[in-house]
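The listed protein sequences derive, respectively, from chains H and U.
All letters in the first sequence, in the order written, are residues 119 to 360 by the numbering used here.
All letters in the second sequence, in the order written, are residues 119 to 360 by the numbering used here.
Number of protein chains: 2
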Amino acid sequence: MSLTTAAPDQPTLYKRIRADIEKRILTGEWPPGHRIPFEHELVARYGCSRMTVNKALSELAQADLIERRRRAGSFVRRPQHQSAVLKIADIRAEITALGRGYGYELIGRKLRTATAADRERLGVRKAGKVVAITCRHSADKVPFAVEDRLIDLSSVPDAATADFSREPPGSWLLHHVPWTEAEHTISAIVADDRTAEALDIAVGAPCLVIDRYTWRSARTITAVRLLYPGDSHRLVARFKGG
Amino acid sequence: MSLTTAAPDQPTLYKRIRADIEKRILTGEWPPGHRIPFEHELVARYGCSRMTVNKALSELAQADLIERRRRAGSFVRRPQHQSAVLKIADIRAEITALGRGYGYELIGRKLRTATAADRERLGVRKAGKVVAITCRHSADKVPFAVEDRLIDLSSVPDAATADFSREPPGSWLLHHVPWTEAEHTISAIVADDRTAEALDIAVGAPCLVIDRYTWRSARTITAVRLLYPGDSHRLVARFKGG
DNA sequence: CACGATTATATGTCTAGACATATAAGTCAA
DNA sequence: TTGACTTATATGTCTAGACATATAATCGTG
Numbered sequence: 119m120s121l122t123t124a125a126p127d128q129p130t131l132y133k134r135i136r137a138d139i140e141k142r143i144l145t146g147e148w149p150p151g152h153r154i155p156f157e158h159e160l161v162a163r164y165g166c167s168r169m170t171v172n173k174a175l176s177e178l179a180q181a182d183l184i185e186r187r188r189r190a191g192s193f194v195r196r197p198q199h200q201s202a203v204l205k206i207a208d209i210r211a212e213i214t215a216l217g218r219g220y221g222y223e224l225i226g227r228k229l230r231t232a233t234a235a236d237r238e239r240l241g242v243r244k245a246g247k248v249v250a251i252t253c254r255h256s257a258d259k260v261p262f263a264v265e266d267r268l269i270d271l272s273s274v275p276d277a278a279t280a281d282f283s284r285e286p287p288g289s290w291l292l293h294h295v296p297w298t299e300a301e302h303t304i305s306a307i308v309a310d311d312r313t314a315e316a317l318d319i320a321v322g323a324p325c326l327v328i329d330r331y332t333w334r335s336a337r338t339i340t341a342v343r344l345l346y347p348g349d350s351h352r353l354v355a356r357f358k359g360g
Numbered sequence: 119m120s121l122t123t124a125a126p127d128q129p130t131l132y133k134r135i136r137a138d139i140e141k142r143i144l145t146g147e148w149p150p151g152h153r154i155p156f157e158h159e160l161v162a163r164y165g166c167s168r169m170t171v172n173k174a175l176s177e178l179a180q181a182d183l184i185e186r187r188r189r190a191g192s193f194v195r196r197p198q199h200q201s202a203v204l205k206i207a208d209i210r211a212e213i214t215a216l217g218r219g220y221g222y223e224l225i226g227r228k229l230r231t232a233t234a235a236d237r238e239r240l241g242v243r244k245a246g247k248v249v250a251i252t253c254r255h256s257a258d259k260v261p262f263a264v265e266d267r268l269i270d271l272s273s274v275p276d277a278a279t280a281d282f283s284r285e286p287p288g289s290w291l292l293h294h295v296p297w298t299e300a301e302h303t304i305s306a307i308v309a310d311d312r313t314a315e316a317l318d319i320a321v322g323a324p325c326l327v328i329d330r331y332t333w334r335s336a337r338t339i340t341a342v343r344l345l346y347p348g349d350s351h352r353l354v355a356r357f358k359g360g
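Set out below in structure tokens:
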């Protein structure tokens, strides 16, 4: 072991500049609207080139913490309170992350020409073929969620022959259709007879509903409705901003 | 009007490079795991300096579309399906965005020393002062949501004297406490007597519940519970990734 | 063959310039 | 006072280099 103290593992300069400024914004020292120092002032303060401070400021602008205006300068933005990052994990991953045993059960699978209701659910015009799947996810043998899914076979032909009796359709799609976009709608209902039975809860008990509609470059892939017992399941979203 | 066609307003070079690569990833031409060309290859292809392609690749890495490994290269990442951006707007903004008339009504306001229940809800140890507020938001005179809020006065002393009879506490806090962090929990319940009356729905009807806990550099600010009629209100989240 | 040392290489960061461009601010005329 | 024109300036992008650093691949040795 050397006698000289090892230098603390300093982050790179541009990261330090970014962190310095971020701290002042987050603590309120530089409130919304405050003009942060010009690039050339930061260059002087940190003794580096403009590209270095530019990289720091560009990243802050990308994170929506500051707004950069030509000729005017860079300004602290007002907090962006309207968006939160909601973690919607794969159900299997969610359950195993809780340290519980994952169980999957296929309840029904039908291959059919899309009905009017199917077409509306998938948001398509043409009456192509679809697969309708109903299944149940459980944690330690206790029902965790029931899934009701429609897959558009004109976009994912392979789904017609996939074996969903072992593998959940969500996982299968994840590995066969990369980089989709999706829209989630969250609502609440009370359990009807069928739902109550599937989830092993009382009729009239609250259920949290997640409807997910997934597409890939303007092509519909799948529409899924997930029903969770409302008093047990909780979705947690964290975000930054007022 | 000139006879020469105006040049299309080209984006800058690094943006074009980024878009080119992004397109190949999103269309599946370069699937997850695919090694994208080395920086020096892109330099040759686009006839620019390395800093330019580096900027494009760095942004793709920041967006989690690619992973960069020293000595090995840059690789297309697997889709990050687990996070969605959930828009949780200010209720007033949400209602006016729907083109409906916003209404606000203060139901109750109490200033008290934190009870044990208050302390647990706020996640604090000490029994300081708090304000408890109950209010209702409506759209075109129809109840839209009821709010039940607790504000920690040791963090936000001004809230003790703020007038919440006209301004909703959410808006007030937004303008007085910038850049907080928050955690949302979403669940479902059925309406009890009081909730049913406040929302003008039937007892036993489903309600969507959002619990939001807000802090600022380790200091609790506020805890709020929002109750929405479950069959009418819908939260929409969009995201990218499988 | 297993394992440690060496080397090659792709990315990470940085510099000291350059020109482009949007726009705030100033100037001047109607 | 108002509107049109000019100018100054901060940011946006880019270059052609440089050295640092992590690590995949290779080489040597026991």
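For each residue, glycine too, the CB sits at the ideal point set by N, CA and C.
On a predicted model such as this, the values are computed, not experimentally measured, just so you know.
With 16 or more neighbouring CB atoms inside 10 Å of its own CB, T332 of chain U falls in the buried class. Identification of chain U residues near G219 of chain H by a Cβ-Cβ cut-off of 7 Å yields none; the smallest Cβ-Cβ distance measures about 21 Å. Residue environment: F262 of chain H is assigned as buried (16 or more neighbouring CB atoms within 10 Å of its CB, all protein chains considered). S192 of chain U is outside the set of residues whose beta carbon lies under 8 Å from a beta carbon in chain H. Unbroken alpha helix (DSSP H) runs of no fewer than 4 residues, entirely contained in the region 149-179 of chain U, are found at 157-164, following chain order. Scanning H:S273, H:E265, H:W297 for the CA closest to the CA of F282 of chain H turns up H:E265. Assigned with DSSP and collapsed to three states, R218 of chain H falls in coil, not helix or strand.
With fewer than 16 other beta carbons inside 10 angstroms of its own, I225 of chain H counts as exposed.
Each residue's CA atom was taken as its position, placing D138 of chain H and R218 of chain U some 43 Å apart. Taking a contact to require three or more Cβ pairs closer than 8 Å, the region 311-318 of chain U and the region 165-175 of chain H do not qualify as touching.
Residue pairing of S256 of chain U in beta bridges, as defined by DSSP: U:G221, U:P261. With respect to chain U, the C-beta atom of S335 of chain H has a partner C-beta closer than 8 Å. Within chain H, the residues whose beta carbon sits less than 8 Å from that of G146 of chain U are P296, W297, listed in sequence order. Counting other Cβ atoms within 10 Å of its Cβ, V321 of chain U stays below 16 and is therefore classed as exposed. Excluding sequence positions up to five before and after C325 of chain U, its CB lies within less than 6 Å of the CB of I307, A309, L345, G348, all in the same chain and listed in chain order.
Counting only the Cα atoms, H255 of chain H lies some 35 Å from E140 of chain U. If you ignore the 5 residues before and after A300 of chain H, its C-beta comes within less than 6 Å of the C-beta of R330, T332, all in its own chain and listed in chain order. Residue contact check for G348 of chain U against chain H: a CB pair falls below 8 Å.
Contact annotation: in the region 302-313 of chain H, residues whose CB is within less than 8 Å of a CB in chain U are H302, T303, I304, S305, A306, I307, V308. Using a Cβ distance threshold of 8 Å, L291 of chain H and T340 of chain H count as a contacting pair. The residues Y132, I135, R136, in chain order, have a CB closer than 6 Å to that of A174 of chain U in the same chain once the five nearest residues on each side in sequence are set aside.
Nearest neighbour of P149 of chain U by Cα position, chosen from U:E238, U:D236, U:R195, turns out to be U:R195.
C-alpha of G288 of chain H to C-alpha of D208 of chain H: approximately 7 Å in a straight line.
Proximity of chain H to C166 of chain U at the Cβ level (cut-off 7 Å) is not reached, the minimal Cβ distance being about 16 Å. C-alpha of H294 of chain U to C-alpha of T214 of chain H: approximately 41 Å in a straight line.
For A280 of chain U, the CB contacts under 6 Å within the same chain, skipping 5 residues up- and downstream, are W290 in chain order. Per DSSP, S289 of chain U is one residue of the alpha helix (DSSP H) stretching across 287-294. Interface with chain U (8 Å Cβ-Cβ cutoff): C253 of chain H is excluded.
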